[in-house]
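So the structure is just underneath, and the comments pick up after that.
Numbering (the numbering used here), first residue to last: 90 to 423.
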């Protein structure tokens with residue numbers, strides 16, 4: 090496939106040897122799909138994907154021990170850099186970090202971005218129930234902001250959703266719907282904690298079209314404007330966002346915050362999704378994602394077909410989503 094054509098997949102996952110071994114050693118039931126650079130190339134060729142930027146999925150590299158997490162993150166990033174170096178026009182990678190060890194995360198981010206020259210950073214939307222935007226992430230975000238880093242935000246299993254006795258039906262896997270809420274909570278937390286304003290150079294990509302943000306955006310904007318600006322809610326729910334914009338909160342302001350995110354299309358194609366997404370996203374910040382190999386190749390074909398058949402998209406808009414927009418984030422694939 091020529092490297093100057095084809096889709097750019099900003100949300101796909103790797104399973105490097107060190108990561109696979111670490112997951113298997115946990116003894117938990119965690120998916121470890123088959124993966125290799127050869128399988129990745131075959132997948133990309135089958136679906137007209139010129140380049141894929143790969144990241145780790147849940148649960149990441151920190152499994153309770155800081156030292157082991159640092160070593161695992163470094164090894165996974167090294168293995169990732171190795172497969173990218175062998176085929177740099179087809180592969181990219183987001184660095185993995187040993188969060189919640191923030192000192193280790195900052196050290197690994199510096200090494201991955203400044204020394205290894207990886208393409209960005211992959212973060213989970215929450216870590217042990219703590220969402221991105223909380224003060225503990227500030228040192229890392231300062232570092233990422235200085236480098237104008239591309240950050241893919243991927244959902245995690247929130248502690249409140251993994252107890253089948255207290256949670257929803259055990260027949261409803263977290264990946265079915267709960268992942269969408271995790272991403273939504275993280276995005277709102279970034280907004281309400283003021284992180285979007287304090288770290289404006291970080292390019293945050295929200296997985297799966299921002300979770301439920303597109304569909305709920307009108308509700309969010311109107312409640313924030315009409316209700317959270319007046320007593321008793323104005324003092325009952327304080328936040329850096331509401332304090333910063335005191336007296337200036339409008340639906341337009343809320344929507345302008347939502348337009349600062351990038352949104353990718355993995356498992357989020359078709360008019361029922363795009364109809365909402367186009368109302369909140371900057372059209373230049375919608376990019377293609379597949380979620381392969383956790384999302385089987387047949388489903389990736391379904392997503393591509395849904396984009397192709399979406400009557401809300403003309404050929405120019407579709408081409409922008411599938412390739413052109415991503416080149417703003419990853420110009421080395423031009």
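Where a beta carbon is used, it is the ideal one built from N, C-alpha and C, also for glycine.
- In terms of CA proximity to residue 294, 417 leads the group 417, 359, 247.
- Under the 10 Å beta carbon count, residue 319 is surrounded by fewer than 16 other beta carbons and is classified as exposed.
- Take the alpha-carbon of residue 348 and the one of residue 289: they are about 12 Å apart.
- Within the same chain, and ignoring the five residues on either side of residue 201 in sequence, the residues whose Cβ sits closer than 6 Å to its Cβ are 166, 184, 207.
- Among the bridge pairs identified by DSSP, residue 215 is matched with 220.
- Taking all protein chains in view, the Cβ of residue 401 is surrounded by fewer than 16 other Cβ atoms within 10 Å, so the residue is classified as exposed.
- The three-state secondary structure of residue 241, taken from DSSP, is strand.
- CA-CA distance, residue 278 to residue 367, rounds to 22 Å.
- Every alpha helix (DSSP H) of 4 residues or more that sits fully in the stretch 90-161 is shown, in chain order, as 106-115, 126-135.
- DSSP places residue 358 in the coil class of the three-state scheme, outside both helix and strand.
- Residue 419 sits in coil when the DSSP states are folded into three classes, being neither helix nor strand.
- Residue 307 is bridged by DSSP to nothing; it lacks a bridge partner.
- Look at the beta carbons and you see the stretch 143-163 not touching the stretch 219-232: under three pairs across the two are nearer than 8 Å.
- In this structure, the CA atom of residue 379 is about 14 Å from the CA atom of residue 181.
- Short of 6 Å from the beta carbon of residue 322, and not among the five residues preceding or following it, lie these beta carbons of its own chain, in chain order: 316.
- Where residue 184 is concerned, the enclosing beta strand (DSSP E) starts and stops at 180-184.
- Within the stretch 164-209, the complete alpha helix (DSSP H) segments of 4 residues or longer fall at 191-199, listed in chain order.
- For residue 265, no beta strand (DSSP E) run applies, since DSSP gives it neither H nor E.
- Membership of residue 294 in the beta strand (DSSP E) is indicated by the continuous run 292-295.
- With respect to residue 243, residue 265 sits apart: the two C-beta atoms are not nearer than 7 Å.
- The alpha carbon of residue 305 has as its nearest neighbour, out of 330, 282, 326, 270, the alpha carbon of 270.
- When 383, 409, 390 are compared, the shortest CA-CA separation from residue 373 is found for 409.
- For the pair residue 107 and residue 168, the CB atoms are nearer than the 7 Å cut-off.
- Separation of the CB atoms of residue 300 and residue 272 is rounded to 4 Å, and the pair is thereby assigned contact status at 8 Å.
- The Cβ atoms of residue 198 and residue 187 do not sit closer than 7 Å to each other.
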